[in-house]
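Following: one structure in structure tokens, then a few remarks.
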Amino acid sequence: MDWFLRCFDANIFIAIQDSFPVLEELTLKTNDMVKGICDGQLSLQCFQNLKHLNLQFFPETSTTLPYSFIRSLPKLQKLVINNASISEIVRSEGLSEEERHTSVFYQLKDLRLSQLPELTLKTFKPSLMSFENLTTLEVSRCRGFINLIACSTAKCLRLLERLNIDDCEMIEEIIACEAEEIQGGIVFPKLKYLQLSCLPCLASFSLAHHSLEFPILLMVMVTKCPQMRNFCQGDLSTPRLEQMQLTRDEEGELQWEGDLNTTIKHMFDEMVQII
1014 MDWFLRCFDA NIFIAIQDSF PVLEELTLKT NDMVKGICDG QLSLQCFQNL KHLNLQFFPE
1074 TSTTLPYSFI RSLPKLQKLV INNASISEIV RSEGLSEEER HTSVFYQLKD LRLSQLPELT
1134 LKTFKPSLMS FENLTTLEVS RCRGFINLIA CSTAKCLRLL ERLNIDDCEM IEEIIACEAE
1194 EIQGGIVFPK LKYLQLSCLP CLASFSLAHH SLEFPILLMV MVTKCPQMRN FCQGDLSTPR
1254 LEQMQLTRDE EGELQWEGDL NTTIKHMFDE MVQII
């Protein structure tokens, strides 16, 4: 049986915490309850079986989740954080050198981040979070990102099936690679669905000159990305791409031009002509 708790009163939550050792899904919706986690008021033993954690609506004060709390969630599979002044998903301050290189969220499959204005690539630390089992990544209204995924993180997303980036007004590229990281290219072996929407500064999926491979990519949706000149700078392989939806604001869909890079370029050229 799945156990679920949605609690709005922090005192009640702390009082009953020992009564749900098999709790699998938890939604926290107040600053006080999140503060209880961060201040160590809650016993970490009661979260051993938690699979789904949903943190919502604590925008008043800057918050990060302590490493000790994250380490107490060995079975967590889904993490949703919405409308929060969170500068780091995992608090890195005060960690030992060993802890800084010990990843958490080993079983995490689904990560959804929305309305997190303080979160940036520098604080979205791949060294502290394991994305090796991630199948779904959704990011929306996170306006601190210029780049979303570091090259080293992208190379770990070998099980990712769905990637959805929406309404992140500062993003210029999805994957950011330094020169020394370009060797070997990047492969997304399991990615089937990719959606990029309402990204006014997006120039390319990746601006670095490296190869990208999507062996089983089936659908790409690009909507309201007026600065996107092409999909990538290097070689691109999408052998099974069957469907692509492109829109230019209110002008409707554009035609598939045979490959992803050519289609994106045609979309950009069409928009320039309209302007």
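So the sequence shown is numbered by our numbering: it starts at 1014 and just counts up by one.
Note that beta-carbon positions come from the ideal geometry of N, C-alpha and C, so glycine has one too.
Look at the alpha carbon of residue i and the alpha carbon of residue j, and state the distance between them as a whole number of angstroms.
| i | j | result |
| --- | --- | --- |
| Leu1129 | Glu1151 | 12 Å |
| Leu1215 | Val1035 | 43 Å |
| Gln1246 | Arg1154 | 26 Å |
| Val1235 | Phe1082 | 37 Å |
| Leu1176 | Cys1169 | 14 Å |
| Asp1262 | Met1280 | For Asp1262, the pLDDT reaches just 48, beneath the cut-off of 50, and the residue's location in the model is therefore unreliable, although a value from the coordinates is still provided. Roughly 11 Å separates the two Cα atoms. |
| Leu1220 | Leu1172 | 23 Å |
| Asp1015 | Glu1255 | Residue confidence for Asp1015 is low, a pLDDT of 43 falling below 50, so the modelled location carries little weight and cannot support an answer. |
| Gly1157 | Met1142 | 19 Å |
| Ile1229 | Lys1042 | 38 Å |
| Ala1167 | Glu1283 | 31 Å |
| Leu1126 | Thr1275 | 31 Å |
| Leu1078 | Leu1209 | 28 Å |
| Phe1060 | Tyr1080 | 14 Å |
| Gln1258 | Leu1068 | 32 Å |
| Lys1237 | Pro1213 | 7 Å |
| Thr1040 | Asn1096 | 13 Å |
Count the other CB atoms within 10 Å of the CB of residue i; is the residue buried (16 or more) or exposed (fewer)?
| i | result |
| --- | --- |
| His1223 | buried |
| Glu1186 | buried |
| Ile1094 | buried |
| Ile1099 | buried |
| Glu1101 | buried |
| Thr1217 | Here residue 1217 turns out to be Ser, not Thr, going by the sequence shown. Burial call: buried. |
| Ser1085 | buried |
| Tyr1119 | exposed |
| Ile1277 | buried |
| Cys1159 | This sequence places Ile at residue 1159; Cys is not what is there. Exposed, by the Cβ-count rule. |
Terminal residues of the continuous alpha helix (DSSP H) containing residue i?
| i | result |
| --- | --- |
| Asp1167 | In the sequence as displayed, the identity of residue 1167 is Ala instead of Asp. That run of the alpha helix (DSSP H) goes Cys1164 to Ala1167. |
| Ser1085 | Ser1085 -> no alpha helix (DSSP H), and no H or E assigned at all. |
Quick test of your reading: residue i and residue j, contact by CB under 8 Å. State the CB separation rounded to the nearest angstrom.
| i | j | result |
| --- | --- | --- |
| Thr1133 | Glu1174 | Rounded, the Cβ-Cβ distance is 26 Å, inconsistent with contact. |
| Ile1089 | Leu1063 | According to the sequence displayed, residue 1089 carries Leu and not Ile. Indeed they touch by this definition, with Cβ atoms about 6 Å apart. |
| Ile1178 | Leu1204 | No, Ile1178 and Leu1204 are not in contact; Cβ-Cβ is about 13 Å, not under 8 Å. |
| Cys1211 | Asp1248 | Their Cβ separation, rounded to whole angstroms, is 28 Å, which puts Cys1211 and Asp1248 out of contact at 8 Å. |
| Ile1013 | Ile1184 | A question about residue 1013 goes unanswered here, because the residues of the chain that appear run from 1014 up to 1288. |
List the residues that DSSP assigns as beta-bridge partners of residue i.
| i | result |
| --- | --- |
| Ser1250 | Glu1226 |
| Gln1069 | Asn1095 |
| Met1257 | Val1233 |
| Glu1151 | Arg1125 and Asn1177 |
| Ala1189 | Ala1163 |
| Cys1245 | Ser1219 |
| Met1142 | Val1117 |
| Val1035 | Partner(s): none; Val1035 has no beta bridge. |
| Ile1199 | Leu1225 |
The beta strand (DSSP E) that contains residue i, what's its start and end?
| i | result |
| --- | --- |
| Met1232 | Met1232 to Thr1236 |
| Leu1220 | Premise fails: Leu1220 is in no beta strand (DSSP E) and is neither H nor E. |
| Asp1179 | Arg1175 to Asp1179 |
| Val1117 | Val1117 -> no beta strand (DSSP E), and no H or E assigned at all. |
| Gln1208 | Tyr1206 to Ser1210 |
| Leu1170 | Careful: Leu1170 lies outside any beta strand (DSSP E) and carries neither H nor E. |
| Thr1040 | Glu1038 to Leu1041 |
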